[in-house]
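S.K.:
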Amino acid sequence: MTIQVGAFTNRAAAVVLRDRLALLGVSTSMTKVDGNGSNTLYRLQTRTFDSLADAQPTLAKIRGMGITPLLIGNGIIGAATNAPLSQSPAP
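Residue 49 in the numbering used here sits at position 61 of the sequence shown; the count goes up by one each step and never skips.
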């Protein structure tokens, strides 16, 4: 699973958050997603984690910044709030 920290229309804003996360030891990659016309987005995502348990320390750091990240993969797609998360069974 991957943690998406944010998606920005402004590249500079994505860079600022990427740098703030790096200070906390959270490594992210920034991907430019070209949309129609002015709909370009810059997504910040973490590395891939093998399990939700492996992702928890990184999720805690991100939540500590006041950010609600998005979990993608392994049967989970949704906002990672402070509520306990559980994995959905694979279809």
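Glycine is no exception: its CB is placed at the ideal position from the N, C-alpha and C atoms.
Could you check what DSSP says for LEU32 in three-state terms: helix, strand or coil?
M.R.: strand
S.K.: Which residue marks the beginning of the alpha helix (DSSP H) containing VAL85, and which one marks its end?
M.R.: The displayed coordinates of the chain run from -11 to 79. Any statement about residue 85 would go beyond what the structure contains.
S.K.: In chain order, what residues of the same chain have a beta carbon less than 8 Å from the beta carbon of MET53, not counting five sequence neighbours either side?
M.R.: Cβ within range, chain order: ARG8, LEU9, LEU12.
S.K.: Which word fits PRO45, buried or exposed, when buried means at least 16 other C-beta atoms lie within 10 angstroms of its C-beta?
M.R.: exposed
S.K.: When you compare the CB positions of GLN33 and SER15, do they come within less than 7 Å of one another, or not?
M.R.: no
S.K.: Looking at the structure shown, is THR56 part of a helix, part of a strand, or coil, going by DSSP?
M.R.: coil
S.K.: Would you kindly work out how many angstroms separate the C-alpha atoms of ALA0 and ARG31, rounded to a whole number?
M.R.: For ALA0 and ARG31, the distance between alpha carbons rounds to 12 Å.
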